[in-house]
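Here the sequence shown is numbered in the UniProt record's numbering, starting from 1 and rising by one per residue. See below for the structure under consideration.
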Amino acid sequence: MPKPLEAYLRSMSQHSLPITFISMSFSDMLTKYSSLSNGNVDLMTQTTSSSLVHVPNPQHACTQRLTYTQTENGSSMMKDDSVIQLSVKNVCTIHALVNISHGLGGVLDGAWTVVLETFEKLDFIFHKLPWRLVNDKQEPISADSHWNDEVKMLDARLQQLFESSVYLDDQALNALLVALGHLSSSSLAGLATTMNDSGPVSPPTQVQSSQSTESTSLHNTLEMKETLEKVKSFALRKFVETMEVNIYRLDTFWTDAYGHLHLVINNKYHPQLRKFGMSCLLQIQLKALTSVYGAHRDNANDESADEIAKQAQNMAISNNANLQATKKEIKQQTVVLIMNSLEKIEFQKTLLSPYTKLFASKYDDTREQVIKSVSELLEQCGQYITVGWPTIVELLHCVVFIPFQKKKKKGRGTFFKTCMLVTG
């Protein structure tokens, strides 16, 4: 039996979506509306004499798949069966859901899953599908109505929701990340099911011409990139964004967060998705090492000591009711600050440890990305690495013996060159 808060939010979520999407999963939306979602959407681009239709950007989308008619003034307009109808009641309920998420995010806990499922669908509707606003009588709302501005504002606030996660406590932030990870995993599972149902792509036969083979390969590559964009359109993208804005406390949620990134990196269907996961991992590590978890030597030791002493004095005074701090209290706070600083640096071991396991992956492209990532880490923030060096050295030790084992095997040329760049 669902908790009262989850039941209440699920009821609101049903009223925030058009009727077509209430009982439809996100993977079903990807399948059903794939012909209309192959590009980005420019908000408020198709204006008619009576209403405003939001359509995919013609420069990025396959708009030839959409059906148009001519209005009296000569402007083009899609037929009603191609346009999603978003009612004023939907907009009001979305407004309430966004306000709840911003104001009560610290107490949502497991209810985040319900809210994020709705936001994922709304993000897909706003940015991937043609839609327009209608009133309670299902009549199109005029182009100059304030409701169009209301939707733009709500979309902006929805995107800012994950930036405001910096104000959540550690427990609430972890609940948000768990819900985002669950949502992303569901999207990946839905994608895998869709691919299995469609069946594997048959390899080209020997009688096919080289031009036909190249055309098939190009088609498969474009299809893969298109599917990848759908999967990472919301949940995975917001998952990484939330980690980045909370980089200063990465050590508090790293274990669960990396657990999800590990699933993305080891995705067996899409090499592009594995590459995206490795890119996200590197991006987070670079930001962490250059900001909070690195050993910075830009300032002299005496300047750092003075800074710690001042912070300790301020903390001791704030904890004292008489606004006066004794030498013993200041010393205690100094020890606390130094220990916290050392713990941050000690986290390097955990932060860099995934590379050792990822290098044992069965996918050559993942192993190659591991080597490239370590090379970039050493180039950009090698001076900040201290206790993380044993992990790096252990990986380089493994890399040293790889070229001689792999260089004679067909198809390993790129992998071999990358190894040589790292090991010299």
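For glycine and all other residues, C-beta sits at the position ideal for the given N, C-alpha and C. Treat the numbers as computed from the prediction; the structure is a model and nothing was measured.
* If you count every other CB in all the chains shown that lies within 10 Å of the CB of Phe-26, and 16 or more means buried, which is it? -> The residue in question, Phe-26, is buried, as its Cβ has 16 or more Cβ neighbours within 10 Å.
* What is the DSSP secondary structure of Val-387, counted as helix, strand or coil? -> Val-387: coil per DSSP, three-state reduction.
* Proximity to Phe-21 [Cα-Cα], best of Phe-124, Asn-99 and Lys-238 -> For Phe-21, the nearest C-alpha among the options comes from Phe-124.
* For Pro-354, name the three-state secondary structure that DSSP assigns. => Collapsing the DSSP output to three states places Pro-354 in a helix.
* Pair every Cβ in the stretch 110–123 with every Cβ in the stretch 171–189, then say whether three or more of these pairs are closer than 8 angstroms. => Touching, yes.
* Bridge-paired residues (DSSP) for Pro-140 -> Per DSSP, Val-134.
* **Which of helix, strand or coil DSSP assigns to Met-243** => In the three-state scheme derived from DSSP, where H, G and I count as helix and E and B as strand, Met-243 is classed as helix.
* To do: State the start and end residues of the unbroken alpha helix (DSSP H) segment that holds Phe-26.
  => Run containing Phe-26: 26–32, per the alpha helix (DSSP H) assignment.
* Asked: Can you tell me whether DSSP reads Lys-344 as helix, strand or coil?
  -> DSSP places Lys-344 in helix when its eight states are reduced to three.
* Could you please give the first and the last residue of the uninterrupted alpha helix (DSSP H) stretch that includes Thr-255? => Thr-255 -> alpha helix (DSSP H) spans 254–265.
* To do: Would you mind stating whether Ser-187 and Ala-111 have Cβ atoms separated by less than 8 angstroms?
  => It is not a contact, given that the beta carbons lie outside the stated cut-off.
* Asked: Quick check: the stretch 262–273 against the stretch 245–252, are there 3 or more CB pairs under 8 angstroms?
  -> No, the stretch 262–273 does not touch the stretch 245–252.
* Asked: Taking the C-alpha atoms as reference points, what is the distance between Tyr-8 and Ala-175?
  -> In this model, Tyr-8 and Ala-175 are separated by some 18 angstroms (Cα to Cα).
* Does the Cβ of Phe-401 have 16 or more other Cβ atoms within 10 Å, making it buried, or fewer, making it exposed? -> Around the Cβ of Phe-401, a 10 Å sphere holds fewer than 16 other Cβ atoms; the residue is exposed.
* To do: In the DSSP assignment, find the alpha helix (DSSP H) that holds Thr-366 and state where it starts and stops.
  => It spans 364–381 - the alpha helix (DSSP H) in which Thr-366 sits, taken as one unbroken run.
* Whole angstroms is fine: what's the gap from Asp-365's alpha carbon to Glu-163's? => Distance between the alpha carbons of Asp-365 and Glu-163 is about 32 angstroms.
* Asked: Short check: CB of Val-107 to CB of Leu-133, under 8 angstroms?
  -> It is not a contact, given that the beta carbons lie outside the stated cut-off.
* Kindly list the residues whose CB is nearer than 8 angstroms to the CB of Glu-376, restricted to its own chain and excluding five residues on each side of it in sequence; keep chain order. => Once the five neighbours on either side are set aside, the close Cβ partners of Glu-376 are Leu-282 and Leu-286.
* Proximity winner among Tyr-269, Gln-171 and Thr-350, relative to Thr-255 (alpha-carbon distances) -> Of the residues Tyr-269, Gln-171 and Thr-350, the one whose Cα lies closest to the Cα of Thr-255 is Thr-350.
* Work out the CA separation of Ile-94 and Ala-189 for me, nearest whole Å. => Distance between the alpha carbons of Ala-189 and Ile-94: 27 angstroms.
* Near Lys-121, what residues of its chain come up, given a Cβ to Cβ distance below 7 angstroms and the 5 sequence neighbours on each side ignored? -> For Lys-121, same chain residues with a beta-carbon under 7 angstroms away, outside a window of 5 residues either side, are Leu-17, Phe-21, Phe-26 and Met-29 in chain order.
* For Lys-3, three-class secondary structure by DSSP -> Assigned with DSSP and collapsed to three states, Lys-3 falls in coil, not helix or strand.
* Near Tyr-167, which residues of its chain fall below 6 angstroms by C-beta distance, leaving aside the five closest residues on each side in sequence? -> Within the same chain, Tyr-167 has no close Cβ partners at all.
* Asked: Which residues in the same chain as Ser-101 place their Cβ atom closer than 7 angstroms to its Cβ, once the five residues preceding and following it in sequence are excluded?
  -> Result list for Ser-101: Val-115 and Leu-161, in chain order.
* Asked: Should Gly-103 go down as buried or exposed, given a rule of 16 or more other Cβ atoms within 10 Å for buried?
  -> With fewer than 16 Cβ atoms within 10 Å of its Cβ, Gly-103 is classed as exposed.
* Nearest neighbour of Gln-171, chosen from Gly-105, Trp-147 and Ile-385 [CA to CA] -> From the listed residues Gly-105, Trp-147 and Ile-385, the smallest Cα separation to Gln-171 is found for Gly-105.
* **Of the residues Thr-31, Val-83 and Trp-147, the one placed nearest Leu-129, counting alpha carbons only** => The residue with the shortest Cα to Cα distance from Leu-129 is Val-83.
* To do: Measure the alpha-carbon distance for Gly-388 versus Asp-155 and round it to whole angstroms.
  => Roughly 41 angstroms separates the two Cα atoms.
* Asked: Out of Leu-289, Ser-291 and Leu-173, which has the shortest C-alpha to C-alpha gap to Met-243?
  -> Comparing alpha carbon positions, the residue from Leu-289, Ser-291 and Leu-173 closest to Met-243 is Leu-173.
* To do: Confirm the yes/no value for this check: CB of Tyr-258, any heavy atom of the ligand NAP, distance under 7 angstroms.
  => For the structure depicted, the ligand NAP is absent and the ligand set is empty, with no information on it obtainable.
* Can you tell me whether DSSP reads Ser-13 as helix, strand or coil? -> The answer is helix: DSSP assigns Ser-13 an H, G or I state.
* **8 angstroms Cβ shell around His-15 - same chain, five flanking residues per side excluded** => Same-chain partners within the cutoff: Lys-89, Asn-90 and Thr-93.
* Asked: Hey, Ser-361 and Asn-266 are a contact pair by Cβ (cut 8 angstroms); roughly how many whole angstroms apart?
  -> At roughly 7 angstroms, the Cβ-Cβ gap stays under 8 angstroms, so Ser-361 and Asn-266 are in contact.
* **Pro-271 in three-state terms, based on DSSP** => Looking at Pro-271 - three-state DSSP - the assignment turns out to be helix.
* Asked: Under 8 angstroms between the Cβ atoms of Met-12 and Leu-97?
  -> Cβ atoms of Met-12 and Leu-97: closer than 8 angstroms.
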